[in-house]
Structures are given as C-alpha cells and as structure tokens.
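Engineer: Residue numbers (the numbering used here): 41 to 142.
Quick reminder that beta carbons are idealized off the backbone N, C-alpha and C, glycines included.
Shown next as structure tokens:
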C-alpha cells in the first residue's frame, strides 16, 4: 500500500517487504512528513523531539520526520492493500530527522 504525499496531511507512507538479507520477509510501514504531524502518530515522542526540529526550522532548514512500524510478517498482499492510512500511520517508532539546508 502506498499513500502519496498530501499537502493537507503533510505526510506520506508506504508499506514495504524486505526481499533480501537477514530481514528477508519482514514488512514495515515507513512514514515521512512534517515533524508536528508525525509526532501525533508516534507511540512515544522522544525527549527533545520538538526542541530539536524547531531549532533547525528556526535556522531556515527544511525538516522531515521519519518513522517506522513493524507489520506482522504473515500479512498478505491483499491485506496490505486493504490497510487504511490510519492503520498504517499510527503507533510509529521515531527513526530520525532529515534536515535540508537551503
């Protein structure tokens, strides 16, 4: 499943299955978006999260928050396609910020 970037929601998400390597067969939800909207979907917001992204944003940088969620490995392709955006984009684990200086 893929949910394209929405300027109204300020985020996008995709489900992906690892095809090679030690995590072969593992499935993940990957989300990127505006830090304030991703924070609302994290299972736990790390200490200093808001301070960190605001620091860079105040310096004129563009900041994206990155998050992930492990999906059960036995999920079928049809089940993945049937997942709603809300199912995918909740209880996420914060991975980091991507910071772009202009």
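1) Please classify residue 94: is it buried, with 16 or more other beta-carbons within 10 angstroms of its beta-carbon, or exposed?
2) Check whether the Cβ atoms of residue 106 and residue 64 lie closer than 8 Å to each other.
3) Check for me: the alpha helix (DSSP H) holding residue 94 runs from which residue to which?
4) Quick one: grab the DSSP three-state call for residue 125.
5) Just to confirm before moving on: does the CB-CB distance between residue 55 and residue 108 stay below 8 Å?
Structural biologist: Quick look at the numbers:
1) In the chain shown, residue 94 corresponds to position 54, counting from 1. Exposed.
2) As a first step, residue 106 is located in the chain shown; it is residue number 66 there, counting from the start. As a first step, residue 64 is located in the chain shown; it is residue number 24 there, counting from the start. Contact: no.
3) Counting from one through the chain shown, the residue named residue 94 turns up at place 54. Here the alpha helix (DSSP H) through residue 94 covers 89-98.
4) In the chain shown, the residue the question calls residue 125 occupies position 85. The answer is helix: DSSP assigns residue 125 an H, G or I state.
5) Here the question's residue 55 lines up with position 15 in the chain shown. Here the question's residue 108 lines up with position 68 in the chain shown. No, they are not a contact pair.
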